[in-house]
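So in the numbering used here, spot 185 of the sequence shown is number 209, and the numbers just go up one at a time. All C-beta atoms, glycine included, are put in the ideal place defined by N, C-alpha and C. Just below is one structure, and these are the notes that go with it.
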Amino acid sequence: MALINVNGKRFKNFMAKLYGIGAAIVILGALFKILHLKGADQMLIIGLTTEAVIFFISAFEAPAKDYDWSLIYPELSIDEEGSGNGPRGTVTQELDKMMAEAKIGPELIDSLSDGMRKLSDTAASLNNAADAAGASAAYSEQLTEAAKSMEALNALYSVQLENSTNQMEMQNNLMEKLGSAGQQSEALATEVEKMAGNLTQLNSVYGNMLAAMNLNRS
């Protein structure tokens, strides 16, 4: 009496879990070794040992059942000469029969091919039209940006022109003030000269008076 039934469901479930747990241990061992972690050698030994044990136990697994697919697909059946003994051309014959019943002839297939080709050409034309529309939109956007830039330049030019005009007016006012100041300076100089002449005359008169007073005293 066998202790373990390798064909039983419990053994298959156990092996499925063993494969998963063993693979995890092997991966951890390899990870420790790659990253040079502490205990990497021990983990690698444990992982490889686990893998060896799993391979040893898997040797006792029953081989997978080989199903006779020819029972479902007769085309797969093989006769004694090694060639398929199932009904050949069954699929092709059925397809031809279905096409005949649906009245699908070569003319319809050619027409369908032409229609698909025209559809492809139309799609290509639409793509070109879409590209042209995109280019037109981009060009229009560039024109809009250029117009905005021109407006900004015009505004800047207007501001500069206004500033220049104001500066010219200020300079003209300053020149006018300087001109009037020059005229006032000339008039002041004339008055000063007159005052100097009057003072000279006054000094002469005062000197004559002093001289006359001195003569009277003597």
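Counting only the same chain and skipping the five closest in sequence on each side, list residues whose C-beta sits under 8 Å from that of residue i.
i: A54; result: L68, G71
i: E105; result: At E105, the pLDDT of 48 sits below 50, so the modelled position is not reliable and the matter cannot be decided from this model.
By alpha-carbon positions, which one of the options ends up nearest to residue i?
i: E75; options: K57, L59, D90, G44; result: G44
i: F38; options: S228, Q166, T73, I81; result: I81
Would you kindly check if the distance between the Cβ of residue j and the Cβ of residue i is under 8 Å?
i: F56; j: A47; result: no
i: L42; j: I78; result: yes
i: N31; j: A86; result: yes
With respect to the alpha helix (DSSP H) encompassing residue i, which residues constitute its N-terminal and C-terminal limits?
i: N29; result: That residue, N29, is in no alpha helix (DSSP H); it is neither H nor E in DSSP.
i: S82; result: 64-82
Within the same chain, show all residues whose beta-carbon is closer than 7 Å to that of residue i, passing over the 5 residues directly before and after it, in chain order.
i: Q225; result: none
Leaving aside the five residues before and after residue i along the sequence, list all residues of the same chain whose C-beta is less than 6 Å from its C-beta, in chain order.
i: A179; result: none
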